[in-house]
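Student: Let me give you the structure first, and then I'll get to my questions.
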Amino acid sequence: MTDPAGVDLDRLADYLARHRPDLAAGPPRARLIAGGKSNLTYLLHVGDRELVLRRPPLGHVLATAHDMAREFRVISALAPTEVPVPGALLHCPDPEVIGAPFYLMERVTGEVYRTRAQTDPLGGRRRRDLAMAMMDTLAALHRVEPEAVGLADFGRPEGYLERQVRRWAGQLERSRSRPLPGVDELRDRLAATVPASANAGRIVHGDYRLDNLLATVEPVAVRAVLDWEMATLGDPLADLGLLLTYWDVLGGSETAEGNPVADGLGPRAGFPTGTELIERYADRSGVDVGPLHWHVALGCFKLAVICEGIHYRHTLGQTLGEGFDRIGEMVAPLIAYGLTAAGER
Numbered sequence: 065m066t067d068p069a070g071v072d073l074d075r076l077a078d079y080l081a082r083h084r085p086d087l088a089a090g091p092p093r094a095r096l097i098a099g100g101k102s103n104l105t106y107l108l109h110v111g112d113r114e115l116v117l118r119r120p121p122l123g124h125v126l127a128t129a130h131d132m133a134r135e136f137r138v139i140s141a142l143a144p145t146e147v148p149v150p151g152a153l154l155h156c157p158d159p160e161v162i163g164a165p166f167y168l169m170e171r172v173t174g175e176v177y178r179t180r181a182q183t184d185p186l187g188g189r190r191r192r193d194l195a196m197a198m199m200d201t202l203a204a205l206h207r208v209e210p211e212a213v214g215l216a217d218f219g220r221p222e223g224y225l226e227r228q229v230r231r232w233a234g235q236l237e238r239s240r241s242r243p244l245p246g247v248d249e250l251r252d253r254l255a256a257t258v259p260a261s262a263n264a265g266r267i268v269h270g271d272y273r274l275d276n277l278l279a280t281v282e283p284v285a286v287r288a289v290l291d292w293e294m295a296t297l298g299d300p301l302a303d304l305g306l307l308l309t310y311w312d313v314l315g316g317s318e319t320a321e322g323n324p325v326a327d328g329l330g331p332r333a334g335f336p337t338g339t340e341l342i343e344r345y346a347d348r349s350g351v352d353v354g355p356l357h358w359h360v361a362l363g364c365f366k367l368a369v370i371c372e373g374i375h376y377r378h379t380l381g382q383t384l385g386e387g388f389d390r391i392g393e394m395v396a397p398l399i400a401y402g403l404t405a406a407g408e409r
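Using the working numbering, the first residue of the sequence shown is number 65, and each one after it goes up by one.
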């Protein structure tokens, strides 16, 4: 059987036999189930057991943006909390085994709702319930005390928002391969207007959105939160700002239709408005939700940089899967909306 791109199955089998013989019941088989936009995710069959393997994307990898150790640590820490996460099984920091660091987790059954073809059949009631379950889960995450789950040193809350601007400005320079009108102005506006943080020190996901959840609709429930590569301790309003960027900015844009980033999200897809989501979250989180204009502008900047990085990898032929040819189209609308949000008071 041919190894899928990004995984050396023979070396993986040898590693499991030496380090986790309980996971080495037979020759492993793997299939890519999500690839290229972020970390790569594979469904791994070992004997009669199904596991999930995560590794960084191929090729052009932004520094610190695809940290397997962080993902493994945070899902391990959150296992006993109200936040649903897959069971963490094994972390391998050695890139020589399959070509990159990786980790294994239990497979959780559920659906990743990403496209209109998936969400349109749900109907209005179940779409609303799914959106509210998404917000209840985010509120549960932000209620977790980091010290209580061994994550007191998981990040540096002080100066988190300033560092976010600097970090994504640095990532932009590593992905800049074409003119991006307005992006430098957006970066400078954000850097000059960083708000005070009244909520620093909470666990933030870093990329929280509907299609980073495994969910069911009979009954409606969030079964697992996925893709923890950018989790840290910081300001939970950053999670809200990025969620609104996906939900209202991209979910309300003509550009998003048919796009793999935001096709099935937001009011255009029949879901509640971002305002309703924030009201639900505020009611359940205990977080002081103030004006979110700056945080939405930061979300637009961050997502523009992420999309530009994906676009760059696509031009280099380093993406796996479908739908990458249009992701570069998202960058200009994100910059434009970010500039508008950054100018609001």
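The C-beta atom is built at its ideal place from N, Cα and C for all residues, glycine as well.
Under 7 Å between the Cβ atoms of Val161 and Tyr106?
Tutor: Residue numbering aside, residue 161 sits at position 97 when the sequence shown is read from its first letter. Residue numbering aside, residue 106 sits at position 42 when the sequence shown is read from its first letter. No, they are not a contact pair.
Student: Rounded to a whole number of angstroms, what is the C-alpha to C-alpha distance between Tyr310 and Tyr272?
Tutor: By one-based count along the sequence shown, residue 310 stands at place 246. By one-based count along the sequence shown, residue 272 stands at place 208. Their Cα atoms are separated by approximately 9 Å.
Student: Based on Cα-Cα distance, which residue from Leu398, Ala264, Asn276, Phe166 lies nearest to Leu250?
Tutor: As a working mapping, residue 250 is identified with position 186 in the sequence shown. For Leu250, the nearest C-alpha among the options comes from Leu398.
Student: Only counting the same chain, and skipping five residues up and downstream in sequence, which positions put a Cβ closer than 6 Å to that of Ser241?
Tutor: Looking up residue 241 in the sequence shown gives position 177. These residues qualify, in order along the chain: Tyr376.
Student: Closest to Arg95 by CA distance: which of Leu87, Leu73, Arg82 is it?
Tutor: The residue labelled residue 95 in the question sits at position 31 within the sequence shown. Closest by alpha carbon: Leu73.
Student: How far does the alpha helix (DSSP H) with Phe136 in it extend, from its first residue to its last?
Tutor: For the purposes of this step, residue 136 is taken as the residue at position 72 of the sequence shown. Unbroken alpha helix (DSSP H) run through Phe136: 132-142.
Student: What separation, rounded to the nearest whole angstrom, lies between the Cα atoms of Pro448 and Asp158?
Tutor: Past the boundaries of the shown model lies residue 448; the chain is included only from 65 to 409, so the question cannot be answered.
Student: Tell me where the alpha helix (DSSP H) around Glu237 begins and ends.
Tutor: Position 173 of the sequence shown, counted from the start, is the residue given in the question as residue 237. Looking at the DSSP string, the run of the alpha helix (DSSP H) that includes Glu237 is 224-239.
Student: For Gly174, which of Ala396, Leu362, Leu277 has the nearest alpha-carbon?
Tutor: In the sequence shown, the residue the question calls residue 174 occupies position 110. Nearest C-alpha to Gly174: Leu277.
Student: Is it true that the stretch 346-358 meets the stretch 287-297, where meeting means three or more beta-carbon pairs spaced less than 8 Å apart?
Tutor: These segments do not touch.
Student: Can you give me the C-alpha to C-alpha distance between Val247 and Glu237, rounded to a whole angstrom?
Tutor: Here residue 247 is taken as the residue at index 183 of the sequence shown, counted from 1. Here residue 237 is taken as the residue at index 173 of the sequence shown, counted from 1. Spanning the two alpha carbons is a distance of roughly 11 Å.
Student: Since Glu226 and Val258 should fall inside the 8 Å C-beta cutoff, what is the C-beta to C-beta distance between them, to a whole number of angstroms?
Tutor: Here residue 226 refers to the residue found at position 162 when the sequence shown is read from its first residue. Here residue 258 refers to the residue found at position 194 when the sequence shown is read from its first residue. With 8 Å as the limit, Glu226 and Val258 qualify as a contact, their Cβ atoms being about 5 Å apart.
Student: Could you pull the DSSP bridge partners for Phe166 from this structure?
Tutor: Position 102 of the sequence shown holds residue 166. Its beta-bridge partners are Cys156.
Student: Express the C-alpha separation of Leu244 and Ala69 in angstroms, rounding to a whole number.
Tutor: For the purposes of this step, residue 69 is identified with residue 5 of the sequence shown, where counting begins at 1. For the purposes of this step, residue 244 is identified with residue 180 of the sequence shown, where counting begins at 1. Between Ala69 and Leu244, the C-alpha separation is close to 32 Å.
Student: Of the choices Ala152, Pro185, Thr296, whose alpha-carbon is the least far from that of Leu205?
Tutor: Position 141 of the sequence shown, counted from the start, is the residue given in the question as residue 205. Closest option to Leu205, Cα to Cα, is Thr296.
Student: Which whole-angstrom value describes the C-beta separation of Gly328 and Thr179, a residue pair presumed to lie in contact below a C-beta threshold of 8 Å?
Tutor: Taking the sequence shown and counting its residues from 1, the one referred to as residue 328 is at position 264. Taking the sequence shown and counting its residues from 1, the one referred to as residue 179 is at position 115. Correct: roughly 5 Å between the Cβ atoms.
Student: List the endpoints of the continuous beta strand (DSSP E) containing Leu115.
Tutor: Start at 1 with the first residue of the sequence shown, and residue 115 comes out as number 51. Counting along the chain, the beta strand (DSSP E) containing Leu115 begins and ends at 113-119.
Student: Look at the alpha carbon of Cys364 and the alpha carbon of Pro283, and state the distance between them as a whole number of angstroms.
Tutor: Stepping through the sequence shown from its first residue, residue 364 is reached at position 300. Stepping through the sequence shown from its first residue, residue 283 is reached at position 219. Computed Cα separation, rounded: 33 Å.
Student: The beta strand (DSSP E) spanning Ala88 covers which residue range?
Tutor: As a working mapping, residue 88 is identified with position 24 in the sequence shown. Counting along the chain, Ala88 falls outside any beta strand (DSSP E), and DSSP gives it neither H nor E.
Student: On the CB-based measure, 16 or more other CB atoms within 10 Å of its CB, does Leu408 come out buried or exposed?
Tutor: Along the sequence shown, one-based indexing puts residue 408 at 344. The sequence given here places Glu at residue 408; Leu does not occur at that position. So Glu408 counts as exposed.
Student: Rounded to whole angstroms, what's the CA-CA distance from Arg113 to Pro85? Just pull it up for me.
Tutor: Along the sequence shown, one-based indexing puts residue 113 at 49. Along the sequence shown, one-based indexing puts residue 85 at 21. If you take the alpha carbons of Arg113 and Pro85, they lie about 13 Å apart.
Student: To which residues of the same chain is Val229 closer than 8 Å at the C-beta, ignoring the five residues directly before and after it?
Tutor: Locating residue 229 in the sequence shown gives position 165, where the first residue counts as 1. If we look at Val229 and ignore the five residues flanking it on each side, its Cβ neighbours are Arg251, Leu254, Ala255, Val258, Leu362, Phe365.
Student: Mind listing, in chain order, the continuous alpha helix (DSSP H) runs of no fewer than 4 residues lying wholly within the stretch 328-371?
Tutor: Listed in chain order, the complete alpha helix (DSSP H) runs (minimum 4 residues) inside the stretch 328-371 are 338-349.
Student: For Val360 versus Pro300, is the C-beta distance shorter than 7 Å?
Tutor: On the sequence shown, position 296 is the one that residue 360 refers to. On the sequence shown, position 236 is the one that residue 300 refers to. No, the pair does not count as a contact, with Cβ atoms beyond the cut-off.
Student: Smallest Cα separation from Asp303: which of Gly90, Trp358, Leu87?
Tutor: Counted from its first residue, the sequence shown places residue 303 at position 239. Nearest C-alpha to Asp303: Trp358.
Student: In angstroms with no decimal places, state the Cα-to-Cα distance between Arg220 and Gly187.
Tutor: Numbered from 1 along the sequence shown, position 156 holds the residue referred to as residue 220. Numbered from 1 along the sequence shown, position 123 holds the residue referred to as residue 187. Approximately 42 Å, taken between the alpha carbons.
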